[in-house]
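**Student:**
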Amino acid sequence: MAFVPEDEPRSLPVLTTSLVYEGAIWNVVRDTFDYNGEVLSRDYIDHTGAVAIVALNDDDEVMMIRQYRHAIRATNWEIPAGLLDIAGEDPLECGKRELLEEADLVAKNWEFLTTLNTTPGGSNEFIHIYIATGLEKIDHD
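Everything in the sequence shown is counted per the numbering used here, starting at 244 for the first residue and increasing by one.
#1: Per the DSSP calculation, A375 is bridged to which residue(s)?
#2: Among the candidates A375, D382, H383, whose CA atom is the shortest distance from the CA of A295?
#3: Pick helix, strand or coil for E304, following the three-state DSSP scheme.
#4: Do D277 and P256 have their C-beta atoms closer together than 7 Å?
#5: Which residue from V297, L343, L262 puts its Cα closest to that of R285?
#6: Go ahead and pull the three-state DSSP assignment for L327.
#7: Could you give the distance in angstroms between the alpha-carbon of V271 and the alpha-carbon of H290?
#8: My guess is that A298 and P323 are in contact by the Cβ rule of under 8 Å, so how many angstroms apart are they, rounded?
#9: Distance, Cα to Cα, E368 vs D328?
#10: With DSSP run on the structure shown, which of helix, strand or coil describes A226?
#11: Inspect the beta-carbon positions of L378 and L348 and report whether they are closer than 7 Å.
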């Protein structure tokens, strides 16, 4: 098995925090903090987090969906995903909900794959990624 380095949690003294922008999905926050005796200021996206699902059919093909993404001005192929926007919702339950909402699928088997930070230089968003197998299409008639 390959060596996987772990992140080093490090909480520096935050001197001030201010809300720069409040949005519908995320906010922009400005923190002023002490970094080894130097006062620094950083703006970042304060994000609720998200879940993404690698849904594999019986032939090990990855199920993809198409969605318009305005920020990149394109209709994108992507795996099902969604925001952790329900207070206290477990990431696995969010993944199950999103797979049903976005792809009309339920899965018999769920396996946690990883959690990653998408853009640590500018956002505190973490995405929890699951593998879903034993897929069944749900008819919404």
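Heads up, the beta-carbon is just placed ideally off N, CA and C, and yes, glycines get one too.
**Tutor:** Reading it off the structure:
#1: Position 132 of the sequence shown holds residue 375. According to DSSP, which records beta bridges pairwise, A375 is partnered with A298, W353.
#2: Position 52 of the sequence shown, counting from 1, holds the residue named residue 295. Nearest C-alpha to A295: A375.
#3: Counted from its first residue, the sequence shown places residue 304 at position 61. Three-state result, E304: coil.
#4: In the sequence shown, the residue the question calls residue 277 occupies position 34. In the sequence shown, the residue the question calls residue 256 occupies position 13. Yes, the pair counts as a contact, with Cβ atoms nearer than the cut-off.
#5: Counting from 1 along the sequence shown, the entry for residue 285 is found at position 42. With distances taken between Cα atoms, R285 lies closest to L262.
#6: By 1-based counting over the sequence shown, the position of residue 327 is 84. It is coil, neither helix nor strand.
#7: In the sequence shown, the residue the question calls residue 271 occupies position 28. In the sequence shown, the residue the question calls residue 290 occupies position 47. Distance between the alpha carbons of V271 and H290 is about 9 Å.
#8: Position 55 of the sequence shown, counted from the first residue, corresponds to residue 298. Position 80 of the sequence shown, counted from the first residue, corresponds to residue 323. That belief holds up - the Cβ atoms of A298 and P323 are roughly 6 Å apart, short of 8 Å.
#9: Taking the first residue of the sequence shown as position 1, residue 368 is located at position 125. Taking the first residue of the sequence shown as position 1, residue 328 is located at position 85. Answer to the nearest angstrom: the Cα atoms are 12 Å apart.
#10: With the chain running from 244 to 384 in the structure shown, residue 226 is simply not present.
#11: Mapped onto the sequence shown, residue 378 falls at position 135. Mapped onto the sequence shown, residue 348 falls at position 105. Yes, the pair counts as a contact, with Cβ atoms nearer than the cut-off.
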